[in-house]
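Residue 306 in full-length UniProt numbering sits at position 306 of the sequence shown, with consecutive numbering throughout. Ideal Cβ positions, reconstructed from N, Cα and C, are used throughout, including at glycine. Only a predicted model underlies this, so the values are computations on that prediction, with no experimental measurement involved. One structure below.
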Amino acid sequence: MHSQQPITAGAPALYQNWQQLRTQHKGLRARDAAQRLGVSEAELTASRLGVDCLRLRPDWRALLAALEPLGYVMALTRNEHCVHERKGHYRELTVMPSGQMGMVVSADIDLRLFMTGWDSVFAVEEETPRGTQRSVQIFDQQGSAVHKVFLTADSPLPAWSALRDNFRAAEQNAVLNLQPLPVAEAVKDDGLIDAESLRNAWAELKDTHHFFALLRKHGCSRTQALRLAGRQWAEPLAPEMLPQLLEQAAAGEVPIMVFVGNRHCIQIHSGTVNNLRWLDSWFNVLDSEFNLHLKTPAIAQLWRVRKPSSDGMVTSWEAFDAQGELIVQLFGARKPGIPELRSWRALAESFPALED
1 MHSQQPITAG
11 APALYQNWQQ
21 LRTQHKGLRA
31 RDAAQRLGVS
41 EAELTASRLG
51 VDCLRLRPDW
61 RALLAALEPL
71 GYVMALTRNE
81 HCVHERKGHY
91 RELTVMPSGQ
101 MGMVVSADID
111 LRLFMTGWDS
121 VFAVEEETPR
131 GTQRSVQIFD
141 QQGSAVHKVF
151 LTADSPLPAW
161 SALRDNFRAA
171 EQNAVLNLQP
181 LPVAEAVKDD
191 GLIDAESLRN
201 AWAELKDTHH
211 FFALLRKHGC
221 SRTQALRLAG
231 RQWAEPLAPE
241 MLPQLLEQAA
251 AGEVPIMVFV
261 GNRHCIQIHS
271 GTVNNLRWLD
281 SWFNVLDSEF
291 NLHLKTPAIA
301 QLWRVRKPSS
311 DGMVTSWEAF
321 DAQGELIVQL
331 FGARKPGIPE
341 LRSWRALAES
351 FPALED
């Protein structure tokens, strides 16, 4: 369980315990170390204050704008089972007037930001065998990592120094007022869902972005909607087909969109994938600008989903874990106002669905 208590007094001991763990397990990532030590990753990061970490002010609008001068960086967003890493520049940032939502829509780094749950942020300078690794790390109210931005060899260090100076928090303490995860609404029994109304509303969709509103209106979870929609709109697939789809997309040079997110950030890659590798049970894309790390045993459900839109049918593959949480979504690369790629649709439709 994650600690819910401020850790000011315990920070040095926590940091020491972490360092001992790292000597025993070379290459252990902070997220995994936090789980082993029974704390959140934010607490683990806060234990580094005064060593190689600086706490920053959570002025999200200004901080996000300050990422553009860092130049060529690597943006990382992940959930429990999938890591999405994309290199590029933070350009074309928009934050809504409420400050609760934002987006980055540059050609390389493409993000959807849901900032109501964002809580703490740190600048980390860690010495590694490859040199100094500099990053901005954002965490939510539960202490889980929302989004991280890593500098590259091409990032100007004066911009990094300016960011650290301009956003340095007045209080450099490790106090984190972590909150328990909000209790999710109980999933209704299938019999309480008006499946016919759901299917009719699905057929009338004009924009894939309206799908979440459709789920809320009908009071059903995402996987429940896929089950009830009927095979015209959603078909179950064997989970092992997902790596096969990526392999065939690579072989055919089919441009795709890869969405990976958590509750507070979604990161998108658009383009082809090329260098695919298995490492144990992890399936990886290891391209120069885009890396994906997918824990394949975590895929409990895989669906081929069709949604009508004003641009024609939009086809996606969607992978879920045993709790019904979305792990990764794949689409054909497209822009609003442009129909779906024929090459993507042909590929996405070429795999046989599971029998009832």
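Quick one: residues in its chain with C-beta nearer than 7 Å to the C-beta of residue 374, no 5 flanking neighbours on either side, listed in chain order?
-> Here the chain comprises residues numbered 1 to 356, so residue 374 is not present and cannot be evaluated.
Which stretch, first to last residue, makes up the alpha helix (DSSP H) that contains residue 351?
-> Note, residue 351: premise wrong, no alpha helix (DSSP H); not H, not E.
Option nearest residue 18 by Cα separation, candidates 40, 44, 27 | 44
Check whether the segment 47–56 touches the segment 165–185, counting contact only when three or more Cβ pairs, one atom from each stretch, lie closer than 8 Å.
-> yes
For residue 208, three-class secondary structure by DSSP = helix
Quick one: measure Cβ to Cβ for residue 48 and residue 72, integer angstroms, because I've assumed they're closer than 8 Å.
-> Actually they are not in contact, since the Cβ atoms of residue 48 and residue 72 sit about 25 Å apart, beyond 8 Å.
Residue 142 in three-state terms, based on DSSP | coil
In the structure shown, what three-state DSSP assignment does residue 296 receive?
-> helix
Using the Cα positions of residue 286 and residue 209, report the straight-line distance between them to the nearest angstrom.
-> 29 Å
Mapping DSSP to helix, strand and coil, what is residue 2?
-> In this predicted model, residue 2 has a pLDDT of only 40, less than 50, meaning its place in the structure is not dependable; the value taken from the coordinates is given anyway. Three-state result, residue 2: coil.
Do you know how far the Cα of residue 261 is from the Cα of residue 137?
-> 16 Å
With residue 370 as the anchor, note down where its beta strand (DSSP E) starts and where it stops.
-> Because the chain is modelled from 1 through 356, residue 370 falls outside the range shown and cannot be assessed.
Give the DSSP-derived three-state secondary structure of residue 115 in the structure shown.
-> helix
Is the beta carbon of residue 119 less than 8 Å from the beta carbon of residue 133?
-> no
Endpoints, the beta strand (DSSP E) within which residue 85 is located = 82–88
Rounded to whole angstroms, what's the CA-CA distance from residue 352 to residue 167? Just pull it up for me.
-> 53 Å
Within 10 angstroms of the Cβ of residue 5, are there 16 or more other Cβ atoms? Answer buried if so, exposed if not.
-> With a pLDDT of only 36 at residue 5, under the threshold of 50, the placement of this residue in the model should not be trusted; the figure read from the coordinates follows. Exposed is the call here.
Completely contained beta strand (DSSP E) runs for the segment 170–253, where each covers 3 or more residues | 234–237
Would you check if the distance between the CB atom of residue 149 and the CB atom of residue 135 is smaller than 8 Å?
-> yes
Which class does residue 68 belong to by DSSP, given the choice of helix, strand or coil?
-> helix
Quick one: measure Cβ to Cβ for residue 159 and residue 70, integer angstroms, because I've assumed they're closer than 8 Å.
-> 5 Å
Considering residue 270, what are the terminal residues of the beta strand (DSSP E) in which it resides?
-> 265–271
Please state if the CB of residue 116 and the CB of residue 100 are separated by a distance shorter than 8 Å.
-> yes
Close beta carbons around residue 230, own chain, < 7 Å, minus the five adjacent residues each side | 199
Go to residue 36, then tell me how far its alpha helix (DSSP H) extends in each direction, as first and last residue.
-> 30–37
Between the Cα of residue 244 and those of 263, 157, 350, 37, spot the shortest distance and give me the residue it belongs to.
-> 350
Burial state of residue 268, where buried means 16 or more other Cβ atoms lie within 10 Å | buried
Between which two residues does the alpha helix (DSSP H) harbouring residue 164 extend?
-> 157–167
For residue 78, three-class secondary structure by DSSP = strand
Can you pull the DSSP bridge partners for residue 96?
-> Partner(s): none; residue 96 has no beta bridge.
Is it the case that the Cβ atoms of residue 234 and residue 305 are separated by a distance below 8 Å?
-> yes
Backbone CA spacing between residue 163 and residue 89 [nearest angstrom] = 16 Å
What residues match up with residue 147 in a beta bridge as DSSP calls it?
-> 138
Sequence-distant residues of the same chain with beta carbon closer than 8 Å to residue 59, five excluded per side = 167
Please classify residue 43: does DSSP put it in a helix, a strand, or coil?
-> helix
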